[in-house]
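Heads up: the sequence lines are chains A and B, in that order.
As numbered in my numbering, residues 498 to 869 make up the first sequence, in order.
As numbered in my numbering, residues 498 to 869 make up the second sequence, in order.
A virtual CB, placed ideally from N, CA and C, is assigned to each residue, including glycine.
Owing to the predicted nature of the structure, the values given are computational and were not obtained by experimental measurement.
2 protein chains.
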Amino acid sequence: MSLREIADIAGVSVSTVSRVVNDKHRDKVSDETRARILEIARSLRYRPNPQAVSLKTGRPSNTLGVLIPYFSHVFRSFYWSEISSGVLDAAYSHGVGVNMMVYRDDSEETFRELLSTYRNVSGVILLAVNGHASPAVEQCRNGMLPCVAVNSNGADPNVHSVDCDNRAGGYNATRHLIKLGHTRIAHIGGRDFSDAHERLKGYRDALEEAGIPIDERLIVGGNFEETGGREAMRTLLSGSPRPSAVFAANDDSAIGAMSAAKRAGLRIPDDLAVVGFDDISVAQYVEPALTTVHQPIYRMGYRAAEMLIGRLQANEGRNGAAIARDIVHTRLVIRESCGGRRANGHEDMSIARPADPAPLSGEETPWKSQRL
Amino acid sequence: MSLREIADIAGVSVSTVSRVVNDKHRDKVSDETRARILEIARSLRYRPNPQAVSLKTGRPSNTLGVLIPYFSHVFRSFYWSEISSGVLDAAYSHGVGVNMMVYRDDSEETFRELLSTYRNVSGVILLAVNGHASPAVEQCRNGMLPCVAVNSNGADPNVHSVDCDNRAGGYNATRHLIKLGHTRIAHIGGRDFSDAHERLKGYRDALEEAGIPIDERLIVGGNFEETGGREAMRTLLSGSPRPSAVFAANDDSAIGAMSAAKRAGLRIPDDLAVVGFDDISVAQYVEPALTTVHQPIYRMGYRAAEMLIGRLQANEGRNGAAIARDIVHTRLVIRESCGGRRANGHEDMSIARPADPAPLSGEETPWKSQRL
DNA sequence: TGCTCAAAGGCAAACGTTGTCCTAAACTGG
DNA sequence: CCAGTTTAGGACAACGTTTGCCTTTGAGCA
């Protein structure tokens, strides 16, 4: 099922068939011929050979890459499953493939390797890139490879991105605690990523706004994992006076913190109010159910892929079009871990997932998925 | 940086360069020439153009595919993040890419589309295929595409697979409850997949072995999600006498069941013992911590990828070599939800993750990732 | 009739490889 | 010194496309 075969059957030349299946140079081929060729192509289930196309055109095949740092907190978590779902969904509905690549260290060499034509992607989605000087971003720019960063918080103003308003989320979380009357509010940090920094900034802003002096001893490091949350909580409890509330940089930390607190004999929320960030699915199942800042991770992945595909189709890929920055909103989900208001039962946690994208449409030209 | 350019610089023909970089026909080229070419290739950072190679050889590029059914219980869960981690890890350490493709319906057409040379993968990993007549498997066989099924429980004896011993897991879970003295043991099922069936079979076997008559009213359906667990538990509680213990087909169901039971005023484990399956990471954080059957999902993903890569390298891909079937073992992790023995603190839940695979080695021939 | 012109389509080169078949030179033995 | 063999390498035809340019055909027009 090559163009050649179709051409032979139709009694025309390869060029003509190529023109028909690509729907190019419409004026160069008569309607009857076109119809005949189309018919044959369909009955033979013709699909263009992507290697050949790509080889000839120099354009890479319609696959987009996802660059994933090998941190267990992103790679092996709710975050990853949500974001990959979003990306995969969006890609599916546009008929493009997704090539996932993990990297262990972010040396220039690694990215050169990863992004070398070797993997052959049309563009990439960068997960958890950190800061301006990211070699990943650098490499993309050098390689003229369109990319979209997720959760980079605009670290690099020259790269398209989709972020959530981490600062506002942190602010709202902290403000919620303040409104409940807390003044000794601790913060358990995350890893050295911009989202953690932004959340911390929101925390500081809220306290400052409320005129509560910031006690640096109440700000302890974490690692975005339960272990870190537990340890941080132990540290906090060893100080005095101990905090009456804590805002953790993510839910895993918050859950770890809760567990350490309970083990130390504290009741939540009575002795300690806890608020997390992310709204991972179990947040509603822990005891007490965790009040947290909902981050629409799935949607962010979806948007990032859409954005990338859009750019590629508009073919603004190679020349720098206006930098788009999408910011999705977080919202505070109040459950039981802060007291004040008690949730009644398990609330709906549906993360607005777009209606199921239709399967690739019935199609007159089945071989044409969206060329990037 | 094509063979052509290197050839021009080295003053040799393209064929010679090809022979050198492919390390083929060693005797056809002198050591000096070889060294010279290698030197040039390295300094130019030569990478073979995968399109061209693939076009020429007819072999697909060294990328393996993962076929994921669009069920939120697999696609959007701990299961997915674990299994994809495993696959990605294994692929990374062998230098091959991973192309993930979601499918919504498992019609023959879908798979033809997915597996058509269009996506160009060397082999595929099938997730959650169900039963013998799976169109996915059929298509793979027709397309002579090597594949490995994960958690198919040997549904199709003609396909390589890696499974966990679901039956034994279900058996052990149930037996644990029996040993604790329970006789009215309920089961909350999963979806209509073979793993759910196997777990149920284990449940029946254990009861039968213990001489406990099976009460079909105690076996209720679920959907592998919390919602299903909750509903199932409500159903169970409306019957009488109510069960004193329940074995749920997976942790999500178990957590849902626990939550429904608690809401109905039951204390766990005193009024109701609960055991789950999977050992998802939050199993240890729910209250009380969930006793469950640990399923090494990460490892299964890793093994599946390794197995596939192994087959591809051995080039037994196209001809049917002996069917390999890998079975990984589950183990019961006893926590607090069944009473009897109380766990002291949070135990180590490390899922034996292989030592970090070394980054692609220092390499004499950087362009050679493992050709499949 | 001779001319131009548009419509419809063919030809062939190129993309970067691989592999088969060829050849020139150097070496071997007699 | 010559035939035969090895060694080291070159030429070239694919693989399935795309595309710029060329050719054929028939119609329109003076």
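Asked                                                                                                                                                           : Found
Is A:SER834 near the ligand FAD, going by C-beta to nearest heavy atom under 8 Å?                                                                               : Annotation note on the ligand FAD: not contained in the displayed structure, which lists no ligands.
With a cut-off of 8 Å on the beta carbons, I'd call B:PHE744 and B:VAL772 a contact; round off their distance for me.                                           : 5 Å
Where B:ILE711 and B:GLU705 are concerned, what is the direct C-alpha to C-alpha distance, given to the nearest angstrom?                                       : 7 Å
Strictly under 9 Å for the Cβ-Cβ distance: is A:GLY620 near chain B by that measure?                                                                            : no
Could you tell me whether the Cβ atoms of A:TYR576 and A:ILE794 are closer together than 9 Å?                                                                   : yes
Go to A:ALA770, then tell me how far its beta strand (DSSP E) extends in each direction, as first and last residue.                                             : 770–775
Got a sec? Which residues, its chain only, sit under 8 Å from A:CYS835 by beta carbon, not counting five neighbours each side?                                  : HIS673, LEU674, LEU677, ALA742, PRO766, ALA770, VAL771, VAL772 and THR788
What's the gap between the Cα of B:ASN841 and the Cα of B:ASP776?                                                                                               : Residue confidence for B:ASN841 is low, a pLDDT of 39 falling below 50, so the modelled location carries little weight and cannot support an answer.
Please name the residue, chosen from B:ILE506, B:THR530 and B:MET730, that lies closest to B:ARG516 on a Cα-to-Cα basis.                                        : B:THR530
Any residues in the stretch 739–754 of chain A with a beta carbon nearer than 9 Å to a beta carbon of chain B? Which ones, in chain order?                      : ASP749, ILE752 and GLY753
Reducing DSSP to helix, strand and coil, say where A:ILE685 ends up.                                                                                            : strand
If we cut at 9 Å on Cβ distances, does A:HIS843 have a partner in chain B?                                                                                      : Because the pLDDT at A:HIS843 is just 35, under 50, the model does not fix this residue reliably, and the value given afterwards should be weighed accordingly. At least one chain B Cβ lies under 9 Å of A:HIS843.
Measuring alpha carbon to alpha carbon, tell me which of A:ALA703, A:ARG714 and A:ASP520 ends up nearest A:LEU733.                                              : A:ARG714
When the cut-off is 9 Å and only beta carbons count, does A:PRO766 lie next to chain B?                                                                         : no
Do you know offhand how far B:GLY837's Cα is from B:ASP768's?                                                                                                   : 12 Å
Would you mind telling me which residues of chain A sit closer than 9 Å to B:GLN810, beta carbon to beta carbon, in chain order?                                : Here the premise fails: no neighbours, minimum Cβ distance about 18 Å.
Verify the CB distance criterion: does B:MET730 have a CB-CB separation below 9 Å to chain A?                                                                   : no
Nearest to A:ASN747 by CA position, among A:GLY726, A:ASP653, A:ARG609 and A:ARG760, is which residue?                                                          : A:GLY726
So A:LEU805 packs on A:ASN669, CB below 8 Å; how close in whole Å?                                                                                              : Rounded, the Cβ-Cβ distance is 30 Å, inconsistent with contact.
Helix, strand or coil, according to DSSP, for A:PHE575 in the structure here?                                                                                   : helix
Residues of the stretch 523–551 of chain A with a CB closer than 7 Å to any CB of chain B: list them in chain order, please.                                    : ARG544, ASN546, PRO547, GLN548, ALA549 and SER551
DSSP three-state call for A:HIS657: helix, strand or coil?                                                                                                      : strand
Find the residues of chain A that neighbour B:ASN617, judging by a C-beta separation of less than 8 Å, and give them in chain order.                            : PRO547, GLN548 and SER558
Give me the chain A residues within the contact set of B:ASN596, using Cβ-Cβ distance strictly less than 9 Å, ordered along the chain.                          : THR560, GLY594, VAL595, ASN596 and MET597
Is B:PRO738 helix, strand or coil by DSSP?                                                                                                                      : coil
Using a Cβ-Cβ cut-off of 8 Å (strictly less than) and excluding sequence neighbours within five positions of A:VAL563, which residues of its own chain qualify? : SER581, VAL584, VAL595, ASN596, MET597, MET598, VAL621, ILE622 and LEU624
Find the residues of chain A that neighbour B:SER574, judging by a C-beta separation of less than 7 Å, and give them in chain order.                            : SER578
Does the Cβ of B:GLU579 have 16 or more other Cβ atoms within 10 Å, making it buried, or fewer, making it exposed?                                              : buried
Under a three-way DSSP split, which group does A:ARG542 fall into?                                                                                              : coil
Using 10 angstroms around the beta-carbon of A:ARG764, count the other beta-carbons present and answer buried if the total reaches 16, otherwise exposed.       : exposed
Within 9 Å of any Cβ in chain A, is that where the Cβ of B:ILE831 sits?                                                                                         : no
Cβ atoms of A:SER631 and A:ASN663: under 9 Å apart, would you say?                                                                                              : no
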